[in-house]
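Using my numbering, the first residue of the sequence shown is number 32, and each one after it goes up by one.
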Amino acid sequence: MGILHRLFGARARDVWRAEARLLQRLGYVRPPEAVQWISTSACDLSCPHCYSHAGKKSHGELTTDEAKTLVVDELVRLNRPVLVIAGGETLLRKDFPQIIEYTHRRGVPWAIHTHGGRVEQHLDTFAKYPPVMAAISLDGPRDYHDQFRGKAGSFDAAIRAMKALKRIGVSEVVAGTTINRQNADLLADMVDDVFESGADSWGFHLMTPEGRASEHADLLPTPRQLRRVAGFGRRLRAVFHVELDNEWGGAGRDDCFYRDSAFTCGAGRFSCVVSATGEVMPCTTTDLNESQGNVRDKCLSDIWAEGFAPFRTSGNGVASDCDDCWLNTRHSHSCRPAFTLDLFEPDGRRLIPLLQVRATEGVRS
Numbered sequence: 032m033g034i035l036h037r038l039f040g041a042r043a044r045d046v047w048r049a050e051a052r053l054l055q056r057l058g059y060v061r062p063p064e065a066v067q068w069i070s071t072s073a074c075d076l077s078c079p080h081c082y083s084h085a086g087k088k089s090h091g092e093l094t095t096d097e098a099k100t101l102v103v104d105e106l107v108r109l110n111r112p113v114l115v116i117a118g119g120e121t122l123l124r125k126d127f128p129q130i131i132e133y134t135h136r137r138g139v140p141w142a143i144h145t146h147g148g149r150v151e152q153h154l155d156t157f158a159k160y161p162p163v164m165a166a167i168s169l170d171g172p173r174d175y176h177d178q179f180r181g182k183a184g185s186f187d188a189a190i191r192a193m194k195a196l197k198r199i200g201v202s203e204v205v206a207g208t209t210i211n212r213q214n215a216d217l218l219a220d221m222v223d224d225v226f227e228s229g230a231d232s233w234g235f236h237l238m239t240p241e242g243r244a245s246e247h248a249d250l251l252p253t254p255r256q257l258r259r260v261a262g263f264g265r266r267l268r269a270v271f272h273v274e275l276d277n278e279w280g281g282a283g284r285d286d287c288f289y290r291d292s293a294f295t296c297g298a299g300r301f302s303c304v305v306s307a308t309g310e311v312m313p314c315t316t317t318d319l320n321e322s323q324g325n326v327r328d329k330c331l332s333d334i335w336a337e338g339f340a341p342f343r344t345s346g347n348g349v350a351s352d353c354d355d356c357w358l359n360t361r362h363s364h365s366c367r368p369a370f371t372l373d374l375f376e377p378d379g380r381r382l383i384p385l386l387q388v389r390a391t392e393g394v395r396s
């Protein structure tokens, strides 16, 4: 789009908001751009930063036929947004090849989040029905990654997975690092491995106190660590594609230094999450009070059209604030201070509570 994109891109978020408000008044809702399906709670690892309590398969997870009819077919009705398949570890589902084949047949683009340990077993599926994006978890240098994930060899398996996916032609492979207090200052030690993995980009996620991670508050990164990580990413973008992921929220006018597009929280606005048992959530929260319905009881397309009102209207507290990450702010862990932190503040202080941030910055809805 050339110069038009340059001029329009900076206002894309404002245009989206105006269009969404207009459509809502007319009784319409834009279809989602992405729907994440937490396909299973099963996982062969037990990481302390897990946003769920992944390990054992949940009772009542969607069957193969339900995944096809209640998720994939509904995405066709929703104008074919990207289906992002995650877990747990989604590659533990024995029907993974069947579901991907059906997704491809229905013309729905798909992406995947995985720890990478089982990618090589499914290379035929990846090659035949390539995802638009594959994100592989990489928590730190080899020794730290294996210790943190509790399984020797998991680092090497992740690196092999990225190399293999690039070898068979997957267009975008992402190394995904979830920042916690232990690995926040190890990123520089990972650079060579990330470069050599063949990954196209490096995503910096943030540990969020959801699921098992809520039991390990001591692992939440400090404000000064967040500032250092953001600065590291900003500098590295000069030579490699680095992105701060959604958990960071917006950096205001400096957003362009940290990500390709201006941040807008997508929860319930242009994305949602289907849990392993069919609950439709605004984001990857484990709080069932946030469910807008279950796909077994109501069509996903209807849930999308009729649900998520607090996220689409003003005056609803943290749900209305699309300039910050809802998943973090609901726990009073806004990361906005990471972009403005006083260098002389002591490192031990907690993140500024959301209400204090609002008192000083004001709320934009």
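We treat Cβ as the ideally placed atom computed from N, Cα and C, and that holds for glycine.
Every value quoted in this text rests on a predicted model; they were computed, and no experiment measured them.
From the DSSP output, read off the bridge partner residues of residue i.
| i | result |
| --- | --- |
| T209 | H236 |
| M193 | DSSP, once it has assigned bridges, lists no residue as partnering M193. |
| I167 | T145, A206 |
| C303 | V66 |
| L275 | F235 |
| L114 | V66, W141 |
| E310 | N325 |
| G86 | A73 |
| A298 | S302 |
With burial defined as no fewer than 16 other Cβ atoms inside 10 Å of the residue's Cβ, what is the status of residue i: buried or exposed?
| i | result |
| --- | --- |
| C287 | exposed |
| E227 | exposed |
| G280 | buried |
| N110 | exposed |
| L250 | buried |
| H146 | buried |
| Y59 | exposed |
| V347 | Before going on, a small fix: residue 347 reads as Asn here, not Val. Burial call: exposed. |
| T94 | exposed |
| D276 | buried |
| D224 | buried |
| A369 | buried |
| E246 | exposed |
| K99 | buried |
| T134 | buried |
| S345 | exposed |
When you compare each of the options to residue i by their alpha carbons, which one comes out closest?
| i | options | result |
| --- | --- | --- |
| C314 | R284, L358, R327, L275 | L358 |
| G234 | T100, F301, L267 | L267 |
| L154 | D187, R198, G242, G119 | R198 |
| L169 | Y160, N214, T156 | N214 |
| A183 | G242, W335, S77, V139 | S77 |
| Q129 | D96, G119, Q67, T360 | D96 |
| P217 | R284, G171, A192, G348 | Looking at the sequence provided, one finds Leu at residue 217 rather than Pro. Of the listed residues, the one whose Cα sits closest to L217 is G171. |
| S72 | C356, G346, D355, V305 | V305 |
| A65 | G91, A298, F342 | A298 |
| N325 | A98, T308, T316 | T308 |
| A188 | Q152, F157, K159 | Q152 |
| T317 | A85, D75, C74, R61 | A85 |
| A102 | R367, T360, R327, R361 | Here the sequence assigns Val to residue 102, which means Ala is not the residue at that position. Out of R367, T360, R327, R361, R327 has the C-alpha closest to the C-alpha of V102. |
| I167 | C330, Q178, G148, F179 | G148 |
| E278 | D223, G262, R361 | R361 |
| T156 | R191, R180, S232, D126 | D126 |
| I69 | S232, A369, T121 | T121 |
| T257 | L331, R61, Y289 | The residue you asked about is not Thr; residue 257 is Leu in the sequence shown. For L257, the nearest C-alpha among the options comes from Y289. |
| V163 | G181, P140, F179 | P140 |
| D75 | L114, A117, S332, R180 | R180 |
| R173 | S232, V270, D220 | D220 |
| G207 | E246, G264, Q178 | G264 |
| F271 | T371, V222, A282 | V222 |
| G283 | C366, S332, T344 | C366 |
Once you ignore the five residues that flank residue i on each side, which residues in its own chain have a CB closer than 6 Å to its CB?
| i | result |
| --- | --- |
| S165 | A quick correction: the sequence has Ala, not Ser, at residue 165. I143, L196, V201, V204. |
| E80 | In the sequence under discussion, the amino acid at residue 80 is His, which differs from the Glu named in the question. Around H80: T209, N211, M238, A244. |
| R389 | In this prediction, R389 has a pLDDT of 32, which is less than 50 and means its spatial position is unreliable; what the coordinates show is noted afterwards. Excluding residues within five positions, none has a Cβ falling inside 6 Å. |
| A158 | I199 |
| S332 | E105, R108, L109 |
If I measure Cβ to Cβ from residue i and keep anything under 8 Å in the same chain, skipping five residues before and after, which residues do I get?
| i | result |
| --- | --- |
| I248 | For the sequence presented, residue 248 should be read as Ala rather than Ile. The answer, listed in chain order, is P240. |
| P252 | I210, N211, R212, A215, L237, M238, V260 |
| R37 | Its pLDDT being 33, under 50, R37 is placed unreliably in this model, and the value from its coordinates should be taken loosely. Once the five neighbours on either side are set aside, R37 has no close Cβ partner at all. |
| G138 | V107, R111 |
| D104 | R137 |
Once the 5 residues before and after residue i are set aside, which same chain residues still bring their CB inside 7 Å of it?
| i | result |
| --- | --- |
| Q323 | V311, I334, G338, F339 |
| V394 | The predicted position of V394 is uncertain, since its pLDDT is 36 and thus under 50; a value taken from the coordinates is nonetheless stated next. So the list reads D352, once near-sequence residues are dropped. |
| H176 | L169, D170, S185, F186 |
| P63 | L109, P112, F301, S302, C303, W335 |
| L399 | Here the chain has residues from 32 to 396 only, and residue 399 is not among them. |
| E132 | Y160 |
| A350 | P341, F342, W357 |
| P384 | With a pLDDT of only 38 at P384, under the threshold of 50, the placement of this residue in the model should not be trusted; the figure read from the coordinates follows. These residues qualify, in order along the chain: S363. |
| G229 | M193, K194, K197, V204 |
| R124 | S70, T71 |
Could one say the Cβ of residue i lies closer than 8 Å to chain D's Cβ atoms, at least one of them?
| i | result |
| --- | --- |
| G338 | Any reference to chain D falls outside this structure, which holds one protein chain only. |
CB of residue i to nearest heavy atom of the ligand PLP: below 7 Å?
| i | result |
| --- | --- |
| H362 | Among the components modelled here there is no ligand, and therefore nothing to report on the ligand PLP. |
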